[in-house]
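Asks: Attaching a single structure in structure tokens format; questions to follow.
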Amino acid sequence: MLNHYYNRYTKRGLLLNSLFLIAMSSYGQSTNVKGIIKDTSGKGIAGVTIRVKGGTETVQTNAQGNFVIQVSAGSTLIIRSVGFQEKQITVGQQANLDIALLPSENVLEELVVVGYGSQKRSDITGSVASVPKDRLSKIPVNNVMQAIQGAVSNVTVSQASSIPGDAPSAQVRGRNSINANSEPYIVVDGIPLSRTDGSINDINPNDIESVEVLKDPSAVAIYGVNGSNGVILITTKRGVSGKPSIRYSGYGGVENVAHILEPVSGEELLKRYAEYARITNTSLYNGGPVRNQYEYDNYANGVTTDWLDAVMQTGVVQNHNVSLSGGSENAKYFVSGDYLNEKGVLLGYNYKRYSFRTNTDFKATKYLSVGTSSFIVAHNRDGGRANLLQAAAMSPYARMYNEDGSLTQYPMYSEQLWSNPLLPTTLDPQRRQFNISLNGYAELNFGELYKPLAGLKYKLNAGYSYIPVRNNEYEGESVYNFAGLGRITNSETQSYTVENILTYTKDFGKHHIDFTGLYAAKSKYWQQAIATGEVFPNDALGWGNLGLLQRKKFRLLQIYTVLFHKWVA
7 MLNHYYNRYT KRGLLLNSLF LIAMSSYGQS TNVKGIIKDT SGKGIAGVTI RVKGGTETVQ
67 TNAQGNFVIQ VSAGSTLIIR SVGFQEKQIT VGQQANLDIA LLPSENVLEE LVVVGYGSQK
127 RSDITGSVAS VPKDRLSKIP VNNVMQAIQG AVSNVTVSQA SSIPGDAPSA QVRGRNSINA
187 NSEPYIVVDG IPLSRTDGSI NDINPNDIES VEVLKDPSAV AIYGVNGSNG VILITTKRGV
247 SGKPSIRYSG YGGVENVAHI LEPVSGEELL KRYAEYARIT NTSLYNGGPV RNQYEYDNYA
307 NGVTTDWLDA VMQTGVVQNH NVSLSGGSEN AKYFVSGDYL NEKGVLLGYN YKRYSFRTNT
367 DFKATKYLSV GTSSFIVAHN RDGGRANLLQ AAAMSPYARM YNEDGSLTQY PMYSEQLWSN
427 PLLPTTLDPQ RRQFNISLNG YAELNFGELY KPLAGLKYKL NAGYSYIPVR NNEYEGESVY
487 NFAGLGRITN SETQSYTVEN ILTYTKDFGK HHIDFTGLYA AKSKYWQQAI ATGEVFPNDA
547 LGWGNLGLLQ RKKFRLLQIY TVLFHKWVA
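Heads up: the sequence shown at position 85 corresponds to 91 in this note's numbering, and the numbers run straight through without jumps.
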């Protein structure tokens, strides 16, 4: 009997223990929870940070506001986004979350990046505008200026050139000079990009976290004469604490000419030739209705050519970007790679950009933080380009090819003013530019060393950029009509920047003091070498083995000191 009761209760005990372990396993198991974060209008919010309370798991919403995070049932999610109130929710057994964020009650408390620091929007007396973050993340653009266009008042962005890879120009509050440069001063992560021969095209738009535009004299005063045309402050993305996060973004599209004038038809051209002969009292070629020999041959054979169509094509653009970010409380990283390929609407107008960026932040000790912000970008504009002006001047009866299949040099021969617009496409010039920028910072918090010095900080910014440019071209006998012309142009720019920034902030009851002291030095070295050659016996050498023609050098050194303080009563 005792043995019977023992076996029965032993089985029940084992069953209860098994159920308890299964329950504990289910409770501690992590699952993927999906969700969407919206504003009060129901629109998804991009770039919202979702973090597991007490853990390291952190993710951000995509452009549509969607996210996926691995959590355990019963965990609490902390949701934060600039301009919205923080929210905490507890995850139950639900697999999908629909979360709405309320706008921040006091937008004036939002921090805005200004010259050499950040301030509350309520404390800013100058004119400072911010580019909306969703515009930076949602609009497919080749450079950041295209995202700024139309987003900030009193900032004019214009694309003077339609050549792929050419950066647009910008003006803040109109043109400030008749002859001098009116471009704004561009600063990326505290290091000037302007005055280094760098271009806004060097900055990958997918790497940008925020853009601030400083407009009036009070806002740009700390930059001195460099800020006379306004200042654009660009802050790139940094790593956040949490598991590694890999992101891919890309887009593709086609481009066509919006409008182009219809070329003259053969019949219309013959009428103009007849009118020309009547007015000038001259005869046309071989007594016929056209002026030149090559035109006569095609006219006799009934051959016409649409020269504008011959030099144009459907443009194609594609962009691919991959980024990796993550880290811990003491070490964070952001790494990205980007590829842009743009084929223009004119034959030979091609542009490729390869860029790679690494941003790191390390908290070496409780009082010392260091980090880097470096990138390398390569621009490639190789290839011969068709000539649209020459194509527009062509007669529809002009001859495109010789009898051997090669391109004619003068399609309207014996007229030798206009050459074949397709001849440059047979060339292979090199047009390449690089930008290698290595930037770093070190920040010392004196308050962590000695409490009475709380609010006193020193920051050292150091930057180096190396920009080599190489242009090689050779025009052979078929193009140059002589025995070849070659030219090599090499130039390089080296820039050094060192900034020492001392800041002090202190609150006295209802009063607030903010002090900034700056000592900065910049050095720029530029040199150029040009080699040319002509009258080659053949086209085999191309632009190789050319003689040195001239060399130019230039060096600039700037040192300035600024003291800036603010007292709020």
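All C-beta atoms, glycine included, are put in the ideal place defined by N, C-alpha and C.
This one's a predicted model, so the numbers in the text were calculated from it and none came from an experiment.
1) Express the C-alpha separation of residue 91 and residue 248 in angstroms, rounding to a whole number.
2) Considering only residues of the same chain and omitting the five flanking positions on each side of residue 206, which have a CB-CB separation below 7 Å?
3) Pull up the CB-CB distance for residue 84 and residue 57, whole angstroms please, since I reckon it's below 8 Å.
4) May I ask you to check if the CB of residue 146 is nearer than 6 Å to at least one heavy atom of the ligand SAH?
5) Apply the 10 Å Cβ neighbour rule to residue 429 and answer buried if 16 or more other Cβ atoms are within range, or exposed otherwise.
6) Check each candidate in 533, 368 and 303 and name the one with the smallest Cα separation from residue 339.
7) Taking just the CA atoms, how far does residue 478 sit from residue 388?
8) What residue ranges within the segment 419-452 form continuous beta strand (DSSP E) runs of no fewer than 3 residues, ordered along the chain?
9) For the beta strand (DSSP E) containing residue 582, list its first residue and its last residue.
10) Compute the Euclidean distance between the alpha carbons of residue 29 and residue 362, then round it to the nearest angstrom.
11) Compute the Euclidean distance between the alpha carbons of residue 38 and residue 472, then round it to the nearest angstrom.
12) Going straight from the alpha carbon of residue 141 to that of residue 147, what length do you get?
13) Measuring only between beta-carbons, confirm whether residue 192 sits less than 7 Å from chain D.
14) Quick one: give me the first and last residue of the beta strand (DSSP E) that residue 250 is part of.
15) Sorted by chain position, which residues of the same chain lie with C-beta nearer than 8 Å to residue 262's C-beta, five sequence neighbours on each side aside?
16) Three-state secondary structure (DSSP) at residue 151?
17) Cutting at 7 Å between CB atoms, please list the residues of its own chain near residue 370, excluding the five before and the five after it.
18) Using beta-carbon positions only, say whether residue 282 and residue 295 come within less than 7 Å of one another.
19) In angstroms with no decimal places, state the Cα-to-Cα distance between residue 236 and residue 103.
20) Where does residue 211 fall in DSSP's three states?
21) Write down the C-beta distance between residue 198 and residue 499 rounded to the nearest angstrom, noting that I regard them as a contact closer than 8 Å.
22) What does residue 5 pair with, by DSSP beta-bridge criteria?
23) Can you look up residue 284 in the DSSP assignment and give me helix, strand or coil?
24) Helix, strand or coil: which one does DSSP assign to residue 476?
25) Measure the alpha-carbon distance for residue 507 versus residue 61 and round it to whole angstroms.
26) Under 8 Å: do the segment 216-226 and the segment 237-245 share three or more Cβ pairs, one atom per stretch?
27) So, for residue 252: in the same chain, excluding its five sequence neighbours on each side, which residues have a beta-carbon less than 8 Å away from its beta-carbon?
28) At 3 residues or longer, and completely inside the segment 33-119: list those beta strand (DSSP E) runs for me, N to C.
29) Bridge partners for residue 363 per DSSP, in chain order?
30) Secondary structure at residue 198, three-state DSSP: helix, strand or coil?
31) Can you find the residues in the same chain that come closer than 7 Å, C-beta to C-beta, to residue 137, ignoring five residues on each side of it along the sequence?
32) May I ask you to report which of helix, strand or coil DSSP gives residue 317?
33) Quick one: grab the DSSP three-state call for residue 291.
34) Can you tell me which of 195, 178 and 396 puts its alpha carbon nearest to the alpha carbon of residue 587?
35) Would the beta-carbon of residue 175 fall within 7 Å of that of residue 164?
36) Residue 300 and residue 405 look like a contact to me (Cβ under 8 Å); what is the Cβ gap, rounded to whole Å?
Replies: Answer, in terms of the structure:
1) The alpha-carbon atoms of residue 248 and residue 91 are separated by roughly 22 Å.
2) Sequence-distant partners of residue 206 (beyond 5 residues in either direction) whose C-beta falls short of 7 Å from its own C-beta, in its chain, are 149, 150, 151, 173 and 192.
3) The pair is a contact, with the Cβ atoms about 5 Å apart (cut-off 8 Å).
4) Among the ligands in the structure shown, none appear at all, so the ligand SAH cannot be discussed.
5) Classification of residue 429: buried, given that the 10 Å Cβ count is 16 or more.
6) Checking every option, the nearest Cα to that of residue 339 belongs to 368.
7) When rounded, the distance between both Cα atoms is 9 Å.
8) Within the segment 419-452, the complete beta strand (DSSP E) runs of at least 3 residues fall at 436-451.
9) The first residue shown for the chain is 7 and the last is 575, placing residue 582 beyond what the model contains.
10) Reliability fails at residue 29, whose pLDDT of 38 lies under 50, so the model's placement of it is uncertain and the value that follows must be treated cautiously. The straight-line gap from Cα to Cα measures roughly 48 Å.
11) Between the C-alpha atoms of residue 38 and residue 472 there is a straight-line separation of about 46 Å.
12) When only Cα atoms are considered, residue 141 and residue 147 end up about 10 Å apart.
13) The chain inventory of the structure shown lacks chain D, comprising one protein chain alone.
14) From DSSP, the beta strand (DSSP E) with residue 250 extends over 248-261.
15) 320, 321 and 351, listed in sequence order.
16) Look at residue 151 here: in three-state DSSP terms it is helix.
17) Hits under 7 Å: 376.
18) Against a cut-off of 7 Å, the Cβ pair of residue 295 and residue 282 comes out as no contact.
19) Distance between the alpha carbons of residue 236 and residue 103: 44 Å.
20) For residue 211, the secondary structure class from DSSP, reduced to helix, strand or coil, is helix.
21) About 13 Å separates the two Cβ atoms, so there is no contact after all.
22) What the structure shows of the chain is the stretch from 7 to 575, and residue 5 is not part of that stretch, so it cannot be assessed.
23) The answer is helix: DSSP assigns residue 284 an H, G or I state.
24) Three-state result, residue 476: strand.
25) The alpha-carbon atoms of residue 507 and residue 61 are separated by roughly 35 Å.
26) A contact exists between the segment 216-226 and the segment 237-245.
27) The beta carbon of residue 252 is closer than 8 Å to those of 328, 329 and 330 in its chain, skipping five residues each way along the sequence.
28) DSSP runs (the beta strand (DSSP E)) wholly in the segment 33-119: 36-44, 55-58, 64-66, 72-78, 82-86, 93-96 and 102-106.
29) When beta bridges are read from the DSSP output, residue 363 appears opposite 342 and 381.
30) Reduced to three states, the DSSP call for residue 198 is strand.
31) Excluding residues within five positions, the ones whose Cβ falls inside 7 Å are 153, 154, 157, 158 and 217.
32) It is helical.
33) DSSP places residue 291 in the helix class (H, G or I) of the three-state scheme.
34) As displayed, the chain neither begins before 7 nor continues past 575, which places residue 587 out of reach and without an answer.
35) Yes.
36) Yes, residue 300 and residue 405 are in contact; Cβ-Cβ is about 4 Å, under 8 Å.
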